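These protein sequences, in sequence, are chains A and B.
Take the first sequence: its position 40, counting from 1, is numbered 39 in numbering that gives the first Met the number 0, and each next residue is one higher.
Take the second sequence: its position 370, counting from 1, is numbered 369 in numbering that gives the first Met the number 0, and each next residue is one higher.
Ideal Cβ placement from N, Cα and C applies to all residues, glycine included.
Note that the coordinates shown come from a computational prediction; the quantities given were computed from them, not determined experimentally.
Reading through the structure tokens given below for one structure.
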Amino acid sequence: MFQKIILHIIDTMNEERTISAPFHIIRGKRSGQTIQDVKSYGLTKYFSLFPRLSIQIYDQNIQQMIQSGWLTINDTAIPKITILGKQKLKDLPILKLNGWLFRGNERTFFQRLSLVTQTLSHVKAKSLSFTPVQKDEKIQIWVRQFLKSFPYKSDEFIQSYYLEIMSCLKSDNLSDLHVSILSHRLAGFEVSGVTWQQLSNVLNEEQIDLQIYFYEGLHILLDEISTNKSLVLLPKMSEGIKSTTPLTDSAKRTADLYKQGYSFEQLISMRQLKTSTIEDHFVEMALNDPSFSIQIFFGKEDLSILIQQIKNQRTKKLRTLKEIFPLYSYFQLRLLLAVGGAQIDSKSS
Amino acid sequence: MIVNLHKLLFDKFGYSSFRPGQQEIIQSVLNEEDVVAILPTGMGKSICYQLPGYVLPHSIIVISPLVSLMQDQVEQLKKMGEKRVIAFNSFLTPLEKSTLVQKFETYKFIFLSPEMLIQDQVKEKLQSIPISLIVADEAHCISQWGYDFRPDYLRLAEWFNHSNRPPILALTATATQHVIDDISSYLNMQDPKYHIQSLDRPNIRYATVEVDSQSKKFKSILKQVNEFSGPGILYTQSRKKADDYAQKLSNEGIRIASYHAGMEQVDRMFVQQQFMNNELDWVCATNAFGMGVHKGDVRQVIHDHIPSSVANYAQEIGRAGRDGADSLSTLYYTRDDKDLSIFVATNDFPDESHVKLLDDTKKAGLNPNHLVSQNLLTETQLRIVSYWLSRKTLGETNTLLQKLKKQKIEEIYQMQEILINSSCIRQQIIQFFGQRIELKPLNCCSKCGLKIEEIVESSIKPSFELKLQPWEKRISLIFQKT
Chain A
0 MFQKIILHII
10 DTMNEERTIS
20 APFHIIRGKR
30 SGQTIQDVKS
40 YGLTKYFSLF
50 PRLSIQIYDQ
60 NIQQMIQSGW
70 LTINDTAIPK
80 ITILGKQKLK
90 DLPILKLNGW
100 LFRGNERTFF
110 QRLSLVTQTL
120 SHVKAKSLSF
130 TPVQKDEKIQ
140 IWVRQFLKSF
150 PYKSDEFIQS
160 YYLEIMSCLK
170 SDNLSDLHVS
180 ILSHRLAGFE
190 VSGVTWQQLS
200 NVLNEEQIDL
210 QIYFYEGLHI
220 LLDEISTNKS
230 LVLLPKMSEG
240 IKSTTPLTDS
250 AKRTADLYKQ
260 GYSFEQLISM
270 RQLKTSTIED
280 HFVEMALNDP
290 SFSIQIFFGK
300 EDLSILIQQI
310 KNQRTKKLRT
320 LKEIFPLYSY
330 FQLRLLLAVG
340 GAQIDSKSS
Chain B
0 MIVNLHKLLF
10 DKFGYSSFRP
20 GQQEIIQSVL
30 NEEDVVAILP
40 TGMGKSICYQ
50 LPGYVLPHSI
60 IVISPLVSLM
70 QDQVEQLKKM
80 GEKRVIAFNS
90 FLTPLEKSTL
100 VQKFETYKFI
110 FLSPEMLIQD
120 QVKEKLQSIP
130 ISLIVADEAH
140 CISQWGYDFR
150 PDYLRLAEWF
160 NHSNRPPILA
170 LTATATQHVI
180 DDISSYLNMQ
190 DPKYHIQSLD
200 RPNIRYATVE
210 VDSQSKKFKS
220 ILKQVNEFSG
230 PGILYTQSRK
240 KADDYAQKLS
250 NEGIRIASYH
260 AGMEQVDRMF
270 VQQQFMNNEL
280 DWVCATNAFG
290 MGVHKGDVRQ
300 VIHDHIPSSV
310 ANYAQEIGRA
320 GRDGADSLST
330 LYYTRDDKDL
340 SIFVATNDFP
350 DESHVKLLDD
360 TKKAGLNPNH
370 LVSQNLLTET
380 QLRIVSYWLS
390 RKTLGETNTL
400 LQKLKKQKIE
410 EIYQMQEILI
420 NSSCIRQQII
430 QFFGQRIELK
440 PLNCCSKCGL
450 KIEEIVESSI
460 KPSFELKLQP
470 WEKRISLIFQ
480 KT
């Protein structure tokens with residue numbers, strides 16, 4: 000399934016991006032180009048699916064797909080999907096991933112969940128000396144503070160935590176596979192966790208596919224937590240997990256200054272960044288903020304006509320657009336694409 | 000200072016008696032003497048500074064060269080309810096470091112990795128706060144004759160070179176004269192007390208088996224694991240091999256999982272949990288496994304290769320039989336295995352080209368860390384070469400590195416020699432650490448005569464096989480709702 004996700008991204012990009020573009024999306028690279036790609040091609044669900052994916056593993060998968068005859072790559076590094084690849088793409092399930100919203104933070108949520116669960120399980124068993132499964136000090140501190148804000152040693156508290164978990168995992172949106180993976184990745188008193196290798200052996204699925212289902216399950220779970228009004232503890236545990244600002248941190252700073260009234264040129268010197276970087280930030284603002292106006296970069300021109308003309312070209316490749324609209328700068332074209340090109344996430348095939 | 004040590008031992012640690020040597024070492028520490036303490040691996044070294052921590056008034060600094068070991072010790076202390084403990088190592092961000100350094104005196108136990116010793120902020124802080132004791136753990140790393148030389152460790156001596164420094168406790172499981180001399184002289188010890196225990200572990204019996212091919216080796220290991228009971232650890236050389244063995248042996252119905260640094264941290268914890276809970280009989284591991292696994296009833300350790308040194312071998316087999324009951328260590332090897340071990344041990348070792356590369360980079364005023372990010376040097380290579388280049392000339396560095404590399408190869412030959420000659424394995428291992436043994440146990444080793452069936456029990460087929468539970472049942476189990 001992992002390879003088919005790459006294939007889906009390649010297919011959607013329609014021979015307009017190089018083979019490294021899917022890599023950056025899957026890693027969740029916070030660059031103007033990648034953010035523009037996920038937005039304009041409707042690939043937000045895959046953003047940051049594997050933030051620590053190594054280039055070696057990615058290359059291995061690409062090579063395997065080439066050998067299987069699913070895709071070809073031309074000498075300008077642009078991948079093209081084959082007919083066989085198209086067919087393979089049909090088995091890719093529609094995943095309810097929401098990478099853009101969580102950006103890898105769902106892992107932090109699960110770390111909290113896992114350590115709170117392990118701790119309460121041991122408290123319940125009156126066996127307070129145990130080795131935490133989560134070694135990350137930041138997670139440990141968070142969990143300690145969270146638990147200390149409640150009477151966490153009381154049976155009532157543990158019971159209500161248990162009931163919240165049960166009620167969330169019962170959600171109709173989660174499949175049997177989701178809850179099976181999620182519950183076996185939790186551990187407690189005399190209940191050992193199950194490794195990916197072991198899950199893979201028992202369920203007869205690739206480890207990486209199980210991990211994709213796991214992240215999908217977490218995205219669904221987090222969605223459930225934010226909409227289920229009867230929950231108290233789990234919403235607190237998912238605080239700060241959803242990205243509240245869709246901008247990269249650096250673009251956020253530029254945007255804040257821009258809102259205070261500084262001009263484009265002033266921002267370049269204030270932020271001591273290259274012009275192209277500030278341009279990236281503006282494109283990001285255009286992509287994410289519906290109230291952001293790009294008019295100041297176009298004088299008195301009628302933008303709605305211009306945007307429609309761009310759309311009619313049915314391409315998002317800047318070089319092609321530049322040839323058709325030579326009077327506009329790349330920056331202007333990117334702004335137009337950002338405002339006019341954003342589309343709803345495409346489904347597979 | 001009159002303290003009831005036995006009461007403290009029981010109250011704080013839950014033990015009713017000291018292990019051999021512990022009480023004498025603790026007494027010397029409390030008398031503010033410099034101490035070199037030699038104890039066999041895994042036999043309660045940490046009590047020797049943990050207990051004094053509850054008697055002495057100020058902070059205790061523990062220099063710990065292995066991050067995994069450090070983290071394990073910190074976890075052990077936390078598990079016992081000690082909150083004033085901190086691990087200060089390269090995993091912290093600069094901000095975390097400077098925040099934590101400011102609060103050093105609020106901690107009872109401060110664990111430092113040797114690299115942290117060269118940081119100015121750490122040095123300044125440590126020289127300004129009251130310290131009751133400095134512990135040099137794995138102190139053989141201070142000696143270039145030790146098997147795991149860590150140059151940064153030497154900085155410790157450079158700092159506490161003044162007369163009113165706190166006393167030092169050096170702990171190691173190496174008793175060779177060379178290393179002991181280096182420890183006491185590099186650390187400027189004042190008339191140190193030596194507490195030397197027998198490094199022999201009589202309940203561990205040694206078997207070495209030469210086989211003539213890798214496939215024979217696998218078959219023999221499979222046979223042994225099938226016939227004789229665990230819990231056991233199967234040590235191998237690479238991540239891939241660990242996964243392979245685990246897969247093949249679990250296909251044969253053995254409850255085994257692999258364990259190596261390439262796995263997610265949580266997965267490694269899960270393997271540990273399963274091993275501790277006796278849901279696994281075997282763990283197939285690289286040398287990443289062992290630290291943090293405090294399982295007393297490990298009955299077998301098997302090696303499928305020639306370890307990189309006698310010291311590492313002793314460390315790994317030392318994980319068997321900590322409960323004192325009979326345990327078996329078996330090493331399978333072929334005549335060619337030494338070549339692979341030499342490759343593994345020297346593959347990452349810097350040579351002349353690396354020295355020249357770093358020298359050029361430094362002379363050009365460039366940041367040497369780029370060499371690592373460009374994959375021109377590994378971190379280990381950079382660490383070793385930078386240390387020597389900042390102290391010695393290019394030529395001297397090259398000579399020295401050649402010598403060290405030769406030594407690494409020599410160590411493998413030493414290990415191989417123990418396997419292939421006809422002398423007692425136990426005697427040879429103990430001799431390596433600078434001791435002799437007087438009394439050998441029955442069934443001492445495969446050279447002296449060993450009946451395996453008298454040492455380990457025959458294996459019983461597991462009644463349990465890994466099955467996933469319905470999720471509701473699993474969550475209920477976690478919260479004991481049955």
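Excluding the 5 residues flanking it on each side, phenylalanine 156 of chain A has same chain C-beta neighbours closer than 7 Å at Phe149, Pro150, in chain order. Under the DSSP assignment, tyrosine 214 of chain A falls in the alpha helix (DSSP H) whose first and last residues are 206 to 226. One Cα belongs to tryptophan 470 of chain B, the other to histidine 183 of chain A, and the distance between them is close to 8 Å. For glycine 103 of chain A, no chain B residue has a C-beta closer than 7 Å to its own C-beta; the minimum C-beta separation is roughly 14 Å. When secondary structure is reduced to three states using DSSP, proline 51 of chain B falls in the helix class. Counting only the Cα atoms, proline 191 of chain B lies some 19 Å from glycine 433 of chain B. Take the alpha-carbon of alanine 138 of chain B and the one of asparagine 187 of chain B: they are about 13 Å apart.
In the three-state reduction of the DSSP assignment, glycine 31 of chain A falls in the helix class. For alanine 256 of chain B, the closest Cβ of chain A is nearer than 9 Å. Arginine 18 of chain B has its alpha-carbon roughly 8 Å from the corresponding atom of methionine 42 of chain B. Taking 8 Å as the upper bound for CB-CB distance, isoleucine 46 of chain B and alanine 36 of chain B are not in contact here, some 11 Å apart. In this chain, alanine 344 of chain B is not harboured by any beta strand (DSSP E); it is covered by the alpha helix (DSSP H) spanning 336 to 345. For leucine 119 of chain A, the closest Cβ of chain B is nearer than 9 Å. Only those residues of the region 178 to 209 of chain A whose C-beta falls short of 8 Å from the nearest C-beta of chain B are listed: Val178, Ser179, Leu181, Ser182, His183, Arg184, Leu185, Ala186, Gly187, Phe188, Glu189, Val190, Ser191, Gly192, Val193, Thr194, Trp195, Gln196, Gln197, Leu198, Asn200, Val201, Leu202. The contact set of leucine 168 of chain A on chain B, defined by CB atoms closer than 9 Å, consists of Trp470, Glu471, Ile474 in chain order. Here proline 78 of chain A is bridged, per DSSP, to A/Ile72. For the region 139 to 219 of chain A, there is no continuous beta strand (DSSP E) assignment of 3+ residues that stays within its boundaries. In this structure, DSSP gives leucine 356 of chain B a helical state, which the three-state scheme calls helix.
Remark: three or more beta-carbon pairs, one from each stretch, lie closer than 8 Å, so the region 39 to 48 of chain A and the region 93 to 106 of chain A are flagged as touching. Residue B/Val371 holds the alpha-carbon nearest to the alpha-carbon of histidine 353 of chain B among B/Asp336, B/Val371, B/Val343. At least 9 Å separates the beta-carbon of glycine 231 of chain B from that of isoleucine 341 of chain B. Contact annotation, histidine 218 of chain A with alanine 250 of chain A: C-beta distance approximately 24 Å; criterion of less than 8 Å not satisfied.
For aspartate 280 of chain B, no Cβ of chain A is located within less than 9 Å of the residue's own Cβ. The closest CA to that of glutamine 312 of chain A, considering only A/Phe297, A/Phe291, A/Gly339, is found on A/Gly339. When Cβ-Cβ separations below 9 Å define contact, lysine 480 of chain B makes contact with chain A. Between the region 224 to 233 of chain A and the region 165 to 179 of chain A, the count of Cβ pairs shorter than 8 Å is three or higher; the stretches touch. For glutamate 74 of chain B, the neighbours in chain A by C-beta distance under 7 Å run, in chain order, Thr130. For the 9 Å CB-CB criterion, lysine 28 of chain A and asparagine 287 of chain A do not form a contact. Per DSSP, the beta-bridge partners of threonine 171 of chain B are B/Ile37. Methionine 115 of chain B is outside the set of residues whose beta carbon lies under 9 Å from a beta carbon in chain A. A contact is defined here as three or more CB-CB pairs under 8 Å, and the region 178 to 194 of chain A meets this definition with respect to the region 108 to 121 of chain A. At a cut-off of 4 residues, the continuous stretches assigned as alpha helix (DSSP H) that sit fully inside the region 222 to 265 of chain B are 238 to 250. About 4 Å separates the beta carbons of glutamine 196 of chain B and glycine 20 of chain B, which is inside the 8 Å limit, making them a contact pair.
Here the alpha carbons of glutamine 196 of chain A and glycine 103 of chain A stand approximately 22 Å from one another. Per the Cβ contact rule, the region 371 to 388 of chain B is in contact with the region 334 to 349 of chain B (3 or more Cβ pairs under 8 Å). Under the criterion of beta carbons closer than 8 Å, serine 179 of chain A and leucine 467 of chain B qualify as touching, at roughly 6 Å.
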